[in-house]
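**Student:** Could you have a look at this structure, given as structure tokens, before my questions?
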Amino acid sequence: MAGPYVNLGIGTGFGTDVDGDVNGIDFDVDARTTFGGGVGLGYDFGNIRLEGKVTLSTADVDSVTVGGVKYDVDESGYGRGIGLDLEYDFNNDSKFTPYVGVGVGTSWADDADDNAYGFSAIAGVAYAASEKIDLYGEIAYEFTPEQEIDGIDYDSNGEFGATVGIRFAF
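The sequence shown stops at residue 185 when you use my numbering, and every number in between is there.
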């Protein structure tokens with residue numbers, strides 16, 4: 016599939032704890048990405064692929080602990096993001112191609128003025144459904160380093176997630 020392609024994917028996360036502090040008061044949030052989807056435009060150089068993407072995700076918050084007191088909540092929100100992935104395909108003689116990759120991106124939550132940035136590590140397998148179409152499934156670990164967003168100090172955190180999708184070659 017060397018050359019340009021379009022990618023469509025949907026997925027979900029497996030849960031994360033987000034810790035930090037607001038004006039010196041510690042907090043802990045138990046959350047999970049409930050839906051993530053995106054569109055990417057990439058170029059396949061042979062074994063190496065470079066892909067830019069635009070994403071939309073939703074997240075649910077189950078509980079918030081502030082100053083040692085836990086509150087059960089039922090909140091949700093969404094975010095938008097852009098990113099760039101670099102992936103390596105382990106070509107072989109079958110229709111299945113395993114791959115690994117790394118990514119960097121930035122995102123904006125619906126209730127935040129500042130953006131967050133993060134990194135990802137990816138492992139997946141693609142199936143050549145035809146000469147121009149690949150189906151894929153992947154697991155990724157998305158990591159956000161310690162940073163300040165809208166005056167709130169967030170500790171580093173991460174979440175594992177799974178995505179399935181389709182790639183269309185031009």
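C-beta atoms are modelled at their ideal positions from N, C-alpha and C, and glycine is treated no differently.
Since the structure is predicted, the reported quantities are computational estimates derived from the model, not experimental observations.
In the DSSP assignment, find the unbroken beta strand (DSSP E) run with P160 in it and report its ends.
**Tutor:** Taken as a continuous stretch (DSSP letters only), P160 belongs to no beta strand (DSSP E), as it is neither H nor E.
**Student:** Going straight from the alpha carbon of V115 to that of S72, what length do you get?
**Tutor:** Cα to Cα, the separation comes out at about 22 Å.
**Student:** Around the C-beta of N22, are 16 or more other C-beta atoms found within 10 angstroms, so that it is buried, or is it exposed?
**Tutor:** Buried is the call here.
**Student:** Opposite T49 in the DSSP bridges: which residues?
**Tutor:** DSSP output for T49 lists no bridge partner at all.
**Student:** Note down the Cα distance separating P160 from Y93, rounded to an integer number of angstroms.
**Tutor:** Distance between the alpha carbons of P160 and Y93 is about 20 Å.
**Student:** Determine the DSSP secondary structure at N38, reduced to helix, strand or coil.
**Tutor:** Coil, per DSSP.
**Student:** May I have the straight-line CA-CA distance separating G173 from I97, to the nearest angstrom?
**Tutor:** Approximately 17 Å, taken between the alpha carbons.
**Student:** On the DSSP bridge assignment, give the partners of N172 in chain order.
**Tutor:** DSSP output for N172 lists T159 as bridge partner(s).
**Student:** I'd like to know whether the C-beta atoms of T70 and A177 end up nearer to each other than 8 Å.
**Tutor:** Contact flag unset, no.
**Student:** Indicate the three-state DSSP secondary structure (helix, strand or coil) for A138 in the structure shown.
**Tutor:** Strand, per DSSP.
**Student:** Take every Cβ of the stretch 161-169, pair it with every Cβ of the stretch 117-130, and state whether three or more of those distances are shorter than 8 Å.
**Tutor:** Short answer: they touch.
**Student:** How many Å lie between V79 and F175 at the Cα?
**Tutor:** Between V79 and F175, the C-alpha separation is close to 20 Å.
**Student:** Does DSSP put F60 in a helix, a strand or coil?
**Tutor:** If DSSP states are grouped into helix, strand and coil, F60 belongs with coil.
**Student:** Label D100 either buried or exposed according to how many other C-beta atoms from any shown protein chain fall within 10 Å of its C-beta, with 16 as the threshold for buried.
**Tutor:** Burial call: buried.
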